[in-house]
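In the numbering used here, the protein residues as written are 999 to 1333.
Backbone N, C-alpha and C define an ideal beta-carbon position, used for all residues, glycine too.
Here is the structure we will look at.
As structure tokens, then:
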């Protein structure tokens, strides 16, 4: 008797209680299946805010963008259909990876315009998922927005062929809706309504707008903090509005404060989170945690978004960590 002969006539079937799923898309987060909150206990100074990280890199495709990609694809399918279409999007990697994975399940091809310099790990993942990848120099964009070259290329591709459709994450309200309907309610429920501060990086701004709007509807006194990198930064997924256009979906009315973070501080915090907390976070998380460290909010319960993991940036971190295992960004000479 073969193994096949011993198989039952019916499928085992999905059972979320046993963490058994029929399809990878069933792993997408929801209020009943939230991403975890983990407290930062050893990295931040005493007397400051009580900071909890929402580990979005535990989503099935590895980032906070899984939520937006799923909602935007559903919206696109509802509005124009995906049969015979090809999706084009500009992305620094995380939205692109989630889109490519979800589109692969649907059998829809994807073209990604990605900024030059995005880590090879992300580009390799995209190609493994079957996406067409176009690394894009910044100077394709108008001079007043010198970091928006990938967006310019994606829009050019969209205009060149009617078979293309776009999720247009910087202007798509489904991006905001995803976080209003899932991330915000998850945080409110997980903190039992005691959250006082919410922090998220400025990227497409779907996260900070959607979560900020939801939380402020529950309690207008909750403080929403945007984290912005310096011009010329090396923090994928984050945008400096000194060199890039503000996304159309950003709702400034829900943002109370903005903290600008340098690459040096972001990477130092990222390495501290690895070495002191055992958290395998990406550099944008380091930026957000550094912003939390300088807040004047003693004892306040703060939740910060941890968008992705360091696994997508190992080639970069290899440049920062010395051969003896000591992180070079901690060296006194570089401070």
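Check	Outcome
Where residue 1039 falls: helix, strand or coil (DSSP)	coil
Closest residue to residue 1103 among 1129, 1313, 1110 and 1087 (Cα-Cα distance)	1129
Whole-angstrom distance between residue 1040 and residue 1185, CA atom to CA atom	22 Å
Anticipated Cβ contact below 8 Å, residue 1086 with residue 1150, distance rounded	So it is not a contact: roughly 12 Å between Cβ atoms.
Nearest candidate by alpha-carbon position, reference residue 1062, set 1028, 1079 and 1081	1028
Residue nearest to residue 1290 in terms of C-alpha spacing, selected from 1021, 1044, 1033 and 1013	1044
Beta-carbon spacing of residue 1038, residue 1051 below 8 Å	yes
Anticipated Cβ contact below 8 Å, residue 1298 with residue 1195, distance rounded	5 Å
Spatially closest choice to residue 1206 from 1303, 1318, 1059 and 1283, by CA coordinates	1303
Cβ-based burial, residue 1016 [other Cβ within 10 Å; buried from 16]	exposed
Nearest candidate by alpha-carbon position, reference residue 1218, set 1240, 1242, 1034 and 1253	1253
Three-state class that DSSP yields for residue 1054 in the structure shown	helix
Through-space distance from residue 1033 to residue 1248, alpha-carbon basis	23 Å
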